[in-house]
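Residue numbers (our numbering): 18 to 172.
Shown next as structure tokens:
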């Protein structure tokens, strides 16, 4: 953006709204990704072990995840509508297995993780997304401040 022409009050408002939008998307998405990775790490370390019996699959643009019933190895833990997260990709055409062994249930019982789940990836991606969003928002605010200084009459 050129500093030859000062921003109008409306232009400054648009930049400020853009900063808020960038912060909401990057921090919300980044923290969400990092939280998923940390939840997986906690589940792999201390979550109850059991099996997942797939009942359905939820598909996104690129892949699917199994959802089903989690049964603890000792039969004491039971959770329904549990989403399985792991390293293996599930396609729409893949047949549902009868059960998936050696999965660990997360504390909130909304997800279970296979032993090969890589929690580092979501944590790193979340941190990078949050950092990039903060950098972009800071850059926009610095640009707005510099532009305002150049537009102000000298005293």
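Quick reminder that beta carbons are idealized off the backbone N, C-alpha and C, glycines included.
Secondary structure of residue i, DSSP reduced to three states
i, result
"residue 11", "In the structure as shown, the chain starts at 18 and stops at 172, and residue 11 therefore has no counterpart that could be examined."
"residue 80", "coil"
"residue 90", "coil"
"residue 71", "strand"
"residue 19", "Reliability of the predicted coordinates at residue 19 is poor, the pLDDT of 49 falling under 50, and the value obtained from them is presented with this limitation in mind. Of the three classes helix, strand and coil, the one that applies to residue 19 here is coil, per DSSP."
Run of the beta strand (DSSP E) containing residue i, from where it starts to where it stops
i, result
"residue 99", "95–102"
"residue 121", "117–122"
Endpoints, the alpha helix (DSSP H) within which residue i is located
i, result
"residue 30", "26–63"
Anticipated Cβ contact below 8 Å, residue i with residue j, distance rounded
i, j, result
"residue 81", "residue 108", "7 Å"
"residue 59", "residue 88", "Not confirmed; about 20 Å, so no contact."
"residue 39", "residue 144", "Not a contact, Cβ separation roughly 16 Å."
Checklist entry - Using 8 Å as the Cβ pair cut-off and three pairs as the minimum, do the segment 153–162 and the segment 20–38 touch? => result yes
Next on the checklist: Taking 8 Å as the cut-off, does the segment 88–104 touch the segment 115–125 (at least 3 CB pairs, one atom from each stretch)?
Outcome noted: Proximity of the segment 115–125 to the segment 88–104 meets the contact definition, three or more beta-carbon pairs being nearer than 8 Å.
Checklist entry - How do the segment 128–136 and the segment 38–58 stand: do at least 3 beta-carbon pairs fall below 8 Å, yes or no? => result yes
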